[in-house]
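In what follows, a structure is listed as structure tokens, so that the remarks can point back to it.
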Amino acid sequence: MNVFSDFLVRVKAAVEAARVEPVDGGTLDLSRVVVEPPRDAAHGDLATNAAMVLAKAVGLKPRELATRIAMTLARDPDVATAEVAGPGFINLSLEPAYWHKVLAAILTSGGTFGRGALGGGEKVNVEYVSANPTGPMHVGHCRGAVVGDALANLLAFAGYDVTREYYINDAGAQVEVLARSAFLRYREALGEQIGTIPEGLYPGDYLIPVGEALAERYGHELKSRPEAEWLPLVREVTVAAMMEMIREDLAALNVNHQVFFSERSLTTGGHDRVAELIDVLRERGLVYEGRLPPPKGQLPDDWEDREQTLFRSTDFGDDVDRALMKSDGSYTYFASDIAYHYDKFLRGFTTLIDVWGADHGGYVKRMSAAVEAVSGGKAVLDVKLCQLVKLFRAGEPVKMSKRSGDFVTLRDVVDEVGRDAVRFMMLYRKNDAPLDFDFQKVTEQSRDNPVFYVQYGHARTASIFRMAGEEMPDLEPTDDVLAHAPLVRLDDEGEISIIRRLAEYPRLVESAAASHEPHRVAFYLYDLASEFHAQWNKGKESPQLRFIKHDDRDLTTARLALVRAVASVISSGLDILGVEAPDEMR
RNA sequence: GGCCCCGUAGCUCAGCCGGAUAGAGCAGCAGCCUUCUAAGCUGUUGGUCGCAGGUUCGAAUCCUGCCGGGGUCGCCA
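At position 533 of the first sequence (counting the first as 1) the number is 1947 in the working numbering, and the numbers step up by one without a gap.
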């Protein structure tokens, strides 16, 4: 039950009933009519701009038209008042009985309140993390992992058919370097002194067990063979081990992908899908041999002007055309990436979402261009860029160096502050705004720690039910009993206000999903928790407002209904964020 | 130099597809308080929405230019 779409229908009906005709004789375009919560609560419960957006077309003054529409709306039994205000808004106040119906609907929905039909089962592909399989995940990967995961949850909740995907970069020079590094550890495992790890190889200790595994599997066999022979074997084992490690790291964050897509698989197994992709583009006249102008500004030292295989990304809004082949004849990363995104399109996805770090911002245009090109404009790529996370400890910046092993791993962070705190904080900012993460603050039990504040809101609901169970054991507050409680007893402004907030949830989910912005759910939950805590606190000053009233069974049941609904929505929202809704805080 | 992101209260940030007198937390200020197990609570001060134009009934929001901060810039992964 969505209050806003419910009333949008009624407003449109009221427009019909006003019997206004467009001056140009056509049909009236109602698409710009919206029903939304007014910014100022003093303006009522709902506001519509109908009169303002339609006035011109029907040749009336906005307020005049508004008055006619409002007359019809005022006769709606759920409407208490319909007033024309400002430049032509129609403000509606709803009868408390309507809010009681909303509350009952939440309780009978069995936790599906807010679950949307927006997606209509449309297939959406969310690709996130896609960290190089060359070592454990570091803290920089956290944000993208959480944003991608929560976004996928959100879209699924809003009715999309979501696939969560990870692209494994297992084909480039870096994984060869990785294989050589592991080979060194393999020799070490066989008893050789390897000394310090040479510059350019991966020095991390995490390759030691890989070396041991290789020694166990191959004995001394690989040592005598040329690199061209051992490298593919070592690479395969090592990449698999790295991916295993990454999966465990992700699992610690409660991030789980459905599809792990190997870059290497594009060109193995009998056919070369990157070549096929280039052929497809060539057939469409989007590939040519040519020269690129040198980059503006600082010219790279090794710049050479040469002819190369180029994709016409400028036809799709990119700044320059982009190379598909390297000077050594192998494919560029971009070429494989197009082939990979083409594969997504061929698998039936028309909405593609990639979550990247901000340092890849320069890549967005060409990739969007490529998706448009390979799909013939049928698929759209939305890239969510995640800005940097700055780490602090009690206000002091945490120093990080890229030098050997001296970085903060994802696991370090999760182990120290817990998965819930990490997830919530990563979502308590827009993805394109930088984020400060303070180890101290996120575990603090206070109002300025939103994780705690929201989770505590849920715990408090549970606490109220525990208490009710002890003090009024014959109440049996099941969802069904609560849904049929005498909700008419909920007449305090604070209580109605909470229901109003709850009623916003479906709309919030819809808009957050439509704009691919999971952070809005986090902010909403903070507001809801805030309102709920405030109502609780009112019970201190005014005992008649307490949720449990021993001498008034009906009132207690009605209030427990409200508490249950709050619990249900907080839990639902936290579920989207991938954060626990605890029954007690410890 | 090109491109991308950001610029909103003293600080950290929300602001949905253009909507009314621009919101929250912290800090500040003023009261209250040891509880229906829990973070003390309530109220309040504070803003030329970076600047200048444009679009229109209406702009923090859309467009253009500029200023300031960050990122990025052939074949790298």
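We put the beta carbon where it would ideally sit given N, CA and C, even for glycine.
In the DSSP assignment, T1765 forms a beta bridge with V1538 and V1794.
Here S1929 is exposed: its Cβ has fewer than 16 other Cβ atoms, across all protein chains shown, within 10 Å. Here DSSP, grouped into helix, strand and coil, assigns V1449 to strand. Contact between the segment 1518-1537 and the segment 1917-1937 is established, with three or more Cβ pairs separated by less than 8 Å. Within the DSSP secondary-structure output, L1942 pairs in no beta bridge. The way I'd put it, the segment 1783-1802 doesn't touch the segment 1633-1652; fewer than three beta-carbon pairs between them come closer than 8 Å. One thing to note: P1996 has its Cβ within 7 Å of the Cβ of Q1869. Restricted to the segment 1458-1524, the alpha helix (DSSP H) segments that are unbroken, complete and at least 4 residues in length are 1464-1472, 1476-1488 and 1510-1522, listed in chain order. Distances from the alpha-carbon of T1681 to those of G1625, Y1842, W1717 and Y1745 put Y1745 closest. If you ignore the 5 residues before and after R1874, its C-beta comes within less than 8 Å of the C-beta of F1946, H1947 and W1950, all in its own chain and listed in chain order. In the three-state reduction of the DSSP assignment, R1726 falls in the coil class. With a contact defined as Cβ atoms closer than 8 Å, Y1867 and H1933 miss out at about 16 Å. Comparing alpha-carbon positions, the option among D1729, A1847, R1973 and Q1801 lying closest to D1906 turns out to be R1973. Taking the Cβ atoms as the reference, A1927 lies roughly 5 Å from L1568, within the contact range of under 8 Å. Here the segment 1896-1914 makes no contact with the segment 1737-1751; the two share fewer than three CB pairs at distances below 8 Å. DSSP, reduced to helix, strand and coil, places K1804 within a strand of the structure shown.
Residue state for F1961 is assigned as coil, using DSSP reduced to three classes. Secondary structure note for E1703: its beta strand (DSSP E) is the uninterrupted segment V1701 to G1704. Here the alpha carbon of V1822 sits roughly 37 Å from the alpha carbon of S1741. Here T1577 is buried, its C-beta having at least 16 other C-beta atoms within 10 Å.
Annotation: the segment 1823-1865 contains the following complete segments of the alpha helix (DSSP H) (minimum length 4 residues), in chain order: 1824-1831 and 1833-1840. With fewer than 16 other Cβ atoms from the protein chains shown falling within 10 Å of its own Cβ, V1673 counts as exposed. As the crow flies, the alpha-carbon of G1534 is around 15 Å from that of S1925. For S1986, the enclosing alpha helix (DSSP H) stretches over residues R1967 to L1991.
Note on geometry: alpha-carbon atoms of V1516 and V1977 lie some 14 Å from one another. Close CB contacts of I1611 within its chain, under the 6 Å cut and outside five residues either way in sequence, are with P1617 (chain order). D1575: member of the beta strand (DSSP E) spanning D1575 to I1582, first to last residue.
V1553 is a Cβ neighbour of L1824, given a cutoff of 7 Å. Residue range Y1747 to L1760 is occupied by the alpha helix (DSSP H) that includes F1759, with no beta strand (DSSP E) assigned at that position.
Taking the C-beta atoms as reference points, T1462 is found no nearer than 7 Å to V1434.
Looking at the DSSP output, L1604 sits in no beta bridge, so it has no partner there.
Per DSSP, F1674 is one residue of the beta strand (DSSP E) stretching across V1673 to S1676. Among the bridge pairs identified by DSSP, E1810 is matched with R1807. In this model, R1477 and T1765 are separated by some 41 Å (Cα to Cα). Between A1847 and T1970 the beta-carbon gap is near 44 Å, outside 8 Å, which marks them as no contact.
For D1563, the enclosing alpha helix (DSSP H) has its first and last residue at G1554 to F1571.
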